[in-house]
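To start, the structure under review is shown below, and the notes come after it.
Number of protein chains: 2
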Amino acid sequence: MKRPTVVVLGAGYGGLSVITKLQKLVNADDADIILVNKNDYHYESTWLHEAAAGTMSPDAVRFDIGGVIDKGKVNFVQATVENIDTKAQKVITDRSEIAYDYLVVGLGFEGETFGIPGLKEHAFSIANVKAARQIRDHIEYQFATYSLEEVKDPSRLTIIVGGAGFTGIEFLGELADRLPELCEEYDVDPKAVRILCVEAAPMVLPGFDEELVEYAVNYLKSKGIEFSIGTPLTEATPEGVKIKKGEDVFEEIPAKTVVWAAGVRGNSIIEKAGFDNMRARIKVDPDLRAPGHNNVFIVGDCALMINAQTERPYPPTAQIAMQQGAHTAHNLVALFKGEELEPFTPDLKGTVCSLGESEAIGEVFGRKITGKKAAMMKKVIDNRALYILGGPGLVFKKGKLNMF
Amino acid sequence: MKRPTVVVLGAGYGGLSVITKLQKLVNADDADIILVNKNDYHYESTWLHEAAAGTMSPDAVRFDIGGVIDKGKVNFVQATVENIDTKAQKVITDRSEIAYDYLVVGLGFEGETFGIPGLKEHAFSIANVKAARQIRDHIEYQFATYSLEEVKDPSRLTIIVGGAGFTGIEFLGELADRLPELCEEYDVDPKAVRILCVEAAPMVLPGFDEELVEYAVNYLKSKGIEFSIGTPLTEATPEGVKIKKGEDVFEEIPAKTVVWAAGVRGNSIIEKAGFDNMRARIKVDPDLRAPGHNNVFIVGDCALMINAQTERPYPPTAQIAMQQGAHTAHNLVALFKGEELEPFTPDLKGTVCSLGESEAIGEVFGRKITGKKAAMMKKVIDNRALYILGGPGLVFKKGKLNMF
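So the protein sequences, as listed, match chains A and B.
Take the working numbering: the last position of the first sequence gets the number 417, and nothing is skipped along the way.
Take the working numbering: the last position of the second sequence gets the number 417, and nothing is skipped along the way.
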C-alpha cells in the first residue's frame, strides 16, 4: 500500500504546529509530509505590531522554517499557493502542482476593508513582516522629512489607527513606547505629534472586561493617544481620512500615516477553491475538517468555530491555532490507522493584550491582571508559543527573555 | 574703553575653529564673543555621506556645541541668520538682532542646481544631518515597499547619484558598503538594485591623480556601480531623471532615488547682505577679510581663495576651513591690540577620498595611497578634525576608533 501524502499549506501558528507535532508522531516511512509556504521563514504574527511601531526589529519577529522541521520527515516547498483543486486532490502553486491524500489549510488571515473607499490604496495594514517593516520605515521617513522641511506639514506627524480591537490597541501601546525615542532621534517636539484611534463600534476591545478596557484606555490616553469611538472611518484619501462624527457630520483629518487594523477575514484561496465559506472562513466540523471534505482540515484563521457558551465565534488567536494544529496532527495519524477522529475543544488559558514593553491587561486562568505583571505574562505566552513550535533552542534564540 | 563684541556666524568647521582657538587666546574680559548657529550641534559635514547611505548613525555625525565652547567666554545663541547689515554692524536672526564690532561669517555651503529643472523638487541633497537622515530613510522605505509589493517597481531600487566629484564618489563608496546589508535586511536580490553615477564632465574626481581615479572607478565598478560620464543630467521628474547621451540623444531613467551631489555654492546670506560675490562666495583679501569691510572675516565655504600655483580656487575643504578659523582667531586678537594682520596661507597636507569603510584613495604629503592604508589615513584625518575642535575627549566620544 502506497504511503499517504500529507500537504500542509502555510507555516503560521496553525500549519507549523501540525508539522512540528506530526514529525514527532510518525516515522519517516509512515507518510510523505510536504509543507508549502510563501517564505522560507515563519513569523510571529502576534508580534507584528512591534515591528510596525519599530520597537522590535523585523528580523526578530521571524525564524527560519528549516531550523524547526525534521528534514528526514518533512519536505519543505517554498511557493505561493494559487488555488486548491479538491476534486483532483492537488494544490496549484506558482511553481508547481502538488498532489495530496490529506490536506491541511493554514493559510492565515487577510485584511478586511469592508469596502471603505481608499483604504486599499492609502492605508497601511499590519499584514506580515514586510508590511510591518514598511510601516516602520514610512513613519521614520515622515519624521525625517518633517524635521528637515522649512514649511512644516503637521500631517507628517499624524498617525491614524483605524480600529480599537486587539491589533489596534496593541499597536497603539507600542507607538506610545516608540514615540519618545522617535522624537529624540528626529529632533521633533512630541507636542507636534498626534496619534488618533478611530473606531466605528461604540466600545474599545469588544469582549474584554470593562474594567480592564478602562485601564488600557486611561493608560494610552496618559501617553497622549486620542480616541474617537463610535465614529466610522468613511474614506481614506492621499491626504488623510474622513470620519463620520454624527448624522451628516463628517470630519477630514490630514494624516500621512493611516494604519488599518480594524478587520480580518480568512484567506481568499478559500473562496477561490470553492469551499462553503463566510468571509473566506470555513465553519469547520468538530474534528476541524471542512464539511463535505473528509481529507481536508482547516486550522487557524481560516477555521470558523462557534463557542457554544457565548454563541459567538472563537477569536482567531495563536493559542487556538496552535491547539488546532497539534490536534490535527493526532487526527491525521488516526486517519492513517483507520481510527476514529477526535473532536477539537479549545483549552482557553486566557488572553493578554499588551500595551507596550511594560504595560498590559489580561484575563488569565479567570483572573484579571494589569501593569507589569500582565506585561510579564504576555512574554511568558509569547515564549510558550516559540517553545511549542521550536523547543527551548528557539526560545533562547528568539524569545522575549528580558522578562524581569 | 568698551570691550569689543565678536560675532561668529555658523558652527561648522570654520566658525567653530574660530571659537575654539579664540577662547584659548583671550581672557573673559578681553571681548564679548557670541556664536550664532541654527542648531545646538555641530555636524561633521565631511561625514554626511555616511549618514545618508546609512553606514553611520546620523547622531554619530554631530556633537553638542555646548560641550566644546568655554561658557565663561563664549555666549551661544541658537538662531537662524536672516541677514547681515554691515552698515549698522548688526546681524538679523529669526530671534533677535545682534550688534557686532567684528564679524566672522562661516555660514557654509548650499547646493547648486545650475537651474536644472526638477532637481529642487525631486532630488535629494546631502546638505546637512537632517537631509542625510531623510535620504537613508527614503532608501529604506523604497526597499521595504519593493519587497512587499506584488507587482515590483524596479525604479524603487534604482539610485541615481548626480555628480562624480568628491561628495558623489564618497557617497557611492558608502552605498557599495551598505547595499549587501540592505538586500539582506529587506529580502531583496542584489541583482535587482541599480546604482548609477551620472556626470556631465568628461572625468571623475577632477583634480585627482589619474591613476588614483582609475583605482576608485574600478573598485566601485567591481561593486556593481555603473558610471555614465560626459552625460549631463538635464531634468529630474517625479519618475526619475533625463540624461543627455549625445547631440539630441536623451535617455529617461526611472529612479525613485536621485541624489544630487554635483555642485556647491556659498551661502545665500552673502548675496542677500550685498557683498561682492561669485555664486555666494566672497573673493577674500589675503587676511581673509571681505574686500571693503575691515571688520568682517569670511571662513570656510563662503570664502573664495585662488591657489597661485594652479590659478584655480582652493576646494572648499574642512582642512582649509579649520586653518582659516584658527588663523582668523589670531588676527582678531591682533585687531584688538591694534597690531598688523597676518596673511593666510593654506598648509595642504593632502586629500583622501573614502570609498567606504575599508577602501580609499589619497595623496598625502605628496605620496599616493590606496586601499586599507588610505582608509586608515582617512580616519586619522577625521579624528584630527575632532581633536582640533574638541580635544581628546571628543575624539574618544565621536572618533573613528575602529582604525585597525
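Each residue gets a CB set at the ideal place from its N, CA and C atoms; glycine is no exception.
Using a 10 angstroms sphere on the CB of leucine 414(B), the tally of other CB atoms stays under 16, which defines it as exposed. If you check the CB distance, leucine 132(B) and alanine 249(B) come in under 8 Å. Beta-bridge annotation (DSSP): alanine 373(B) is paired with Ser367(B). Within the segment 144-169 of chain A, those residues whose Cβ lies closer than 7 Å to any Cβ of chain B are, in chain order, Ala144, Arg146, Gln147, Asp150, His151, Glu153, Tyr154, Ala157, Thr158, Ser160 and Leu161. In the three-state DSSP reduction, threonine 180(A) falls in the helix class (H, G or I). Less than 8 Å separates the beta-carbon of leucine 218(B) from that of glycine 178(B). Within the same chain, Val74 come within 6 Å of tryptophan 60(B) by CB-CB distance, once the 5 residues on both sides are set aside. Per DSSP, the continuous beta strand (DSSP E) segment holding glutamate 110(B) begins and ends at 110-112. Here DSSP, grouped into helix, strand and coil, assigns asparagine 280(A) to coil. By the Cβ-count criterion, alanine 268(B) is buried, with 16 or more other Cβ atoms from all chains shown falling within 10 Å of its own Cβ. Non-local beta-carbon contacts of glycine 412(B) in its own chain, meaning distances under 7 Å to residues more than five positions away in sequence, involve Asn396 and Leu399 in chain order.
In the three-state DSSP reduction, valine 39(A) falls in the coil class, being neither helix nor strand. Distances from the alpha-carbon of valine 81(B) to those of Tyr159(B), Ala101(B), Ala92(B) and Tyr54(B) put Tyr54(B) closest.
Where glutamate 248(A) is concerned, the enclosing beta strand (DSSP E) starts and stops at 246-249.
In the assembly as shown, isoleucine 111(B) is a buried residue. Its beta-carbon has 16 or more other beta-carbons within 10 Å.
For leucine 345(A) and leucine 402(A), the gap between their C-alpha atoms comes out near 18 Å. Counting along the chain, the unbroken beta strand (DSSP E) around leucine 209(A) starts and ends at 207-212.
The three-state reading of DSSP puts glutamine 102(A) in coil, since its state is none of H, G, I, E or B. Distance from the CA of lysine 391(B) to the CA of isoleucine 182(B), rounded to the nearest whole angstrom, comes to 14 Å. A contact is defined here as three or more CB-CB pairs under 8 Å, and the segment 124-140 of chain A meets this definition with respect to the segment 272-279 of chain A.
Between serine 70(B) and glycine 25(B), the C-beta spacing is not below 8 Å. Here glutamine 336(B) is buried. Its C-beta has 16 or more other C-beta atoms within 10 Å. In the displayed model, histidine 306(A) falls within coil according to three-state DSSP, outside both helix and strand.
Taking all protein chains shown into account, isoleucine 172(A) has 16 or more neighbouring C-beta atoms within 10 Å of its C-beta and is therefore buried. Counted as a single uninterrupted DSSP element, the beta strand (DSSP E) harbouring glutamate 265(A) occupies residues 262-267. Annotation: tyrosine 115(A) is outside any alpha helix (DSSP H); the continuous beta strand (DSSP E) that includes it extends over 115-118. Using a 10 angstroms sphere on the CB of arginine 325(A), the tally of other CB atoms stays under 16, which defines it as exposed. The continuous stretches of alpha helix (DSSP H) do not include tyrosine 199(A), and DSSP gives it neither H nor E. Per DSSP, reduced to three states, the secondary structure at alanine 44(B) is coil, with no helix or strand assignment. Sequence-distant Cβ neighbours of alanine 331(A) in its own chain, meaning closer than 6 Å and more than five residues away, are Tyr26, Thr59 and Ala398. Excluding its 5 nearest sequence neighbours in each direction, leucine 354(A) has C-beta neighbours in its own chain below 6 Å: Asp300, Asn344 and Ala347, listed in chain order. DSSP places methionine 389(B) within a helical segment (H, G or I) once states are collapsed to three.
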